[in-house]
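Numbering of the sequence shown is given in my numbering, commencing with residue 1154 and proceeding in unit increments.
Don't be surprised by glycine CBs; every beta carbon is placed ideally from N, CA and C.
These numbers come from a predicted model, not from an experiment.
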Amino acid sequence: MSSDEIEDLLKTDFDALAARLERDRFAERILFKLGAKRRARLGIVAFAGGLGAAFAASQFMSVATAIAPALSETAPEMAAAGLSPHLLAVFMLAGALAATALVLRQDF
């Protein structure tokens, strides 16, 4: 058998093996499994966030009733600066949402 025939035989065998491995989809299965863990984590975080939001919403009326007197009175310093307690509450909530978004962005 000549070396050309051996090279052709090896080339045919290697091409058949490469074609079989290309159809193996090993990488796709591994990426899907890794993505499944990420999706599960995201689902757990979303569920916990929704549960926390539900508890917070159930307590909102009692909290609003408790702080209503403080919100109705504006301190003179705040009035002079043009800041109302409502505006400060909005800023605090926006800060909490931004911090949550930063944590979620780093986690996922």
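Do you know how far the Cα of residue j is from the Cα of residue i?
i: residue 1218; j: residue 1207; result: 18 Å
i: residue 1209; j: residue 1249; result: 14 Å
i: residue 1222; j: residue 1203; result: 29 Å
i: residue 1166; j: residue 1253; result: 55 Å
i: residue 1247; j: residue 1191; result: 27 Å
Which residues in the same chain have their Cβ closer than 8 Å to the Cβ of residue i, if we skip the five residues on either side of it in sequence?
i: residue 1220; result: none
i: residue 1184; result: none
i: residue 1168; result: none
Do the CB positions of residue i and residue j come within less than 8 Å of each other?
i: residue 1198; j: residue 1257; result: yes
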